[in-house]
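Step one of this worksheet: look at the structure below.
There are 2 protein chains.
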Amino acid sequence: MGTESDLPAPTEWSGIWEVLGCKWTFHILRLLARGDAQFNQIKQKIEGLPASTLSTRLKSLQEETVVVRTVDESATPPTVSYSLTEKGDELAEIIMQIEKLEQRYS
Amino acid sequence: MGTESDLPAPTEWSGIWEVLGCKWTFHILRLLARGDAQFNQIKQKIEGLPASTLSTRLKSLQEETVVVRTVDESATPPTVSYSLTEKGDELAEIIMQIEKLEQRYS
DNA sequence: CCGTATCCCCTAGGATACTG
DNA sequence: CAGTATCCTAGGGGATACGG
Numbered sequence: 001m002g003t004e005s006d007l008p009a010p011t012e013w014s015g016i017w018e019v020l021g022c023k024w025t026f027h028i029l030r031l032l033a034r035g036d037a038q039f040n041q042i043k044q045k046i047e048g049l050p051a052s053t054l055s056t057r058l059k060s061l062q063e064e065t066v067v068v069r070t071v072d073e074s075a076t077p078p079t080v081s082y083s084l085t086e087k088g089d090e091l092a093e094i095i096m097q098i099e100k101l102e103q104r105y106s
Numbered sequence: 001m002g003t004e005s006d007l008p009a010p011t012e013w014s015g016i017w018e019v020l021g022c023k024w025t026f027h028i029l030r031l032l033a034r035g036d037a038q039f040n041q042i043k044q045k046i047e048g049l050p051a052s053t054l055s056t057r058l059k060s061l062q063e064e065t066v067v068v069r070t071v072d073e074s075a076t077p078p079t080v081s082y083s084l085t086e087k088g089d090e091l092a093e094i095i096m097q098i099e100k101l102e103q104r105y106s
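Residue numbers (the UniProt record's numbering), protein chains in the order written: chain A, 1 to 106; chain B, 1 to 106.
Here it is, written out as structure tokens:
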């Protein structure tokens, strides 16, 4: 059928998917999509999410440039907050589509 | 900010995400999006994918009504093939958006 | 308050072998 | 061809404790 050979290099099990597949990522992204938040804010709002997991997840998301960590030095004490990048915003919107898809078919 | 309380019931770590997060799911969906395929077709086209994994993955995808298994009895011998449902089609398209997103930002 | 280090367990999934 | 059964191990992630 001619379409056989051009399966375009499967993007591997690429970075973003690796994180997306992890537990809690989805929830974290949903939360951040509603505005920036601090570490413990996130932790408290997502029941069952251990700090250690949040920590590693946030790190992965930063590596994928989906999330940025911002320190506000002007505050006393300085505050740390996390928010979505532009890429992260777009990703969150796509993810919401999947959620809606599920609802539509349930 | 008033938006705090209405985080709409996180959809749990819901079914479709559980499968999407699994290794190989993404590749399988991509492949099926190009038309239906038989078990060994899929297996052969996706390098490294073990039959056992494909088996379980296909089962999960059917449970999520993303994939249908069809037996063509009229053929000799009867052939089995897998294809995307309508829901599966839509899902595949959403997934492609993520792929494009990555490419755009890489 | 904002995290990281550590330990330990459990399961996803790879290899292999086998059946209808 | 179309799968399933079994076994094994690597690592994800939960609990807990600790550091800046």
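Quick reminder that beta carbons are idealized off the backbone N, C-alpha and C, glycines included.
Reduced DSSP secondary structure (H/G/I, E/B, other) of residue i
| i | result |
| --- | --- |
| A:Leu49 | coil |
| B:Ala75 | coil |
| A:Val66 | coil |
| B:Ser14 | coil |
| A:Ser60 | helix |
| A:Ser106 | coil |
Candidates the options: closest to residue i by CA position
| i | options | result |
| --- | --- | --- |
| B:Ser81 | B:Ser60, B:Val68, B:Leu54, B:Glu99 | B:Val68 |
| A:Leu54 | A:Gln97, A:Glu73, A:Gly88, A:Ile42 | A:Ile42 |
| B:Glu90 | A:Thr25, A:Phe39, A:Leu101 | A:Leu101 |
| A:Gln62 | A:Gly88, A:Gly48, A:Gln44 | A:Gly88 |
| B:Thr85 | B:Pro78, B:Arg34, B:Arg104, B:Ala75 | B:Arg34 |
| B:Thr14 | B:Ser60, B:Glu93, B:Glu73, B:Gln97 | Just to set this straight, residue 14 of chain B is Ser in the shown sequence, not Thr. Among B:Ser60, B:Glu93, B:Glu73, B:Gln97, the Cα nearest to that of B:Ser14 belongs to B:Ser60. |
| B:Ala51 | B:Trp24, B:Ser106, B:Ala92 | B:Trp24 |
Residue i - containing alpha helix (DSSP H), residue span
| i | result |
| --- | --- |
| B:Ala33 | First-last for B:Ala33: undefined, no H or E at that position. |
Cβ neighbours of residue i in the same chain (closer than 6 Å, five flanking residues each side left out)
| i | result |
| --- | --- |
| B:Ile16 | Glu64 |
| A:Glu18 | none |
Cβ neighbours of residue i in the same chain (closer than 7 Å, five flanking residues each side left out)
| i | result |
| --- | --- |
| B:Lys45 | Leu31 |
| B:Val71 | Pro78, Val80 |
| B:Ile95 | Phe26, Leu29 |
Chain-order list of residues whose beta-carbon lies under 8 Å from that of residue i (same chain, five-residue window excluded)
| i | result |
| --- | --- |
| A:Ser83 | Leu32, Gly35, Asp36, Ala37, Val67, Val68, Thr70 |
| B:Thr56 | none |
Chain A contacts made by the segment 78-92 of chain B, where a contact means CB separation under 7 Å | Lys87, Glu90, Leu91
Residues within the segment 52-67 of chain B neighbouring chain A, beta-carbon criterion of under 9 Å = Glu64, Thr65
With 9 Å as the C-beta to C-beta threshold (strictly closer), list the residues of the segment 21-35 of chain B near chain A in chain order.
-> Gly21, Cys22, Lys23, Trp24, Thr25, Phe26, His27, Arg30, Leu31, Arg34, Gly35
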